[in-house]
Every structure is written in C-alpha cells, then in structure tokens.
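What follows is a set of notes on a single structure, which appears directly below.
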Amino acid sequence: MKKKIYAAIIVFLCMILLYLFTTPDYEMAGDICTLSDTGKEVELNVIVHKFWRTNELVEKIAREHARINGIPDSLVVNVYVSRFCLRRGYKFRTIQVTFTTAPSQKQLL
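Note that my numbering has the sequence shown beginning at 90, numbered continuously upward.
This is the structure:
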C-alpha cells in the first residue's frame with residue numbers, strides 16, 4: 090500500500106513540474122489603443138500563468154511593447170489569472186506604467 094502512495098506522490102510532483110516548465114509566463118489577451126490630443130494611451134489585457142512574478146513580467150511586457158509599437162504616453166496593464174477571470178472581468182491587478190525621460194515609473198492602482 091505504501092508503494093502505491095509513494096508512486097502517486099511522485100506522479101503528482103512530476104505533473105506539477107511539467108506544468109511549471111511547459112506553460113508560458115504570460116499570454117496577451119488583447120489591447121486597446123486610444124489616440125487623442127493628450128497623446129497615445131494603451132491598455133493591455135494579459136493573462137499571467139505564473140503570477141508570483143507579476144511585477145517582473147509587467148516590466149518585460151512594457152519594454153517589449155514600447156520597443157515594437159513605440160513609446161506611449163501611458164500604458165495600463167490589466168493582469169488576469171486565467172481566461173475564465175478575463176471573461177468574467179475579475180482582474181488580479183491593474184498596473185499603470187508611465188514612460189518619461191527617466192526610467193519608467195510604476196503605480197499600482
């Protein structure tokens with residue numbers, strides 16, 4: 090009986106490790122860009138699969154977005170934990186990134 094329990098624990102741990110190493114860090118779910126007289130405002134919806142690294146991932150996403158699409162005046166990143174939460178509108182966190190001449194400043198909303 091003990092061998093079956095140990096085997097089940099090993100299989101469970103292998104499944105957890107497989108999940109951690111094969112899933113992507115984040116997934117872009119959509120973006121909204123608004124051009125106005127005050128400048129360019131961008132809102133990104135991101136699904137973060139590894140939510141314990143949220144701040145690092147948001148900085149990475151902001152740098153990559155600015156590199157590809159140009160630097161917006163303000164960037165708001167809505168972070169969701171899963172697609173279910175995205176469909177229901179349950180935000181995990183909203184982070185606003187403002188690009189200036191100094192390094193980007195973050196504010197948690």
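Each residue gets a CB set at the ideal place from its N, CA and C atoms; glycine is no exception.
When beta bridges are read from the DSSP output, Y169 appears opposite I136. Secondary structure note for T112: it is in no alpha helix (DSSP H), with a DSSP letter that is neither H nor E. In the structure shown, K180 falls within a coil segment according to DSSP collapsed to helix, strand and coil. Annotated as distal: V137 and V186, with beta-carbon spacing of 7 Å or more. A distance below 7 Å between beta-carbons, with the five flanking residues on each side excluded, links T143 to the following residues of its chain, in chain order: V137, V168 and R182. The alpha-carbon of V170 is positioned some 19 Å away from that of L164.
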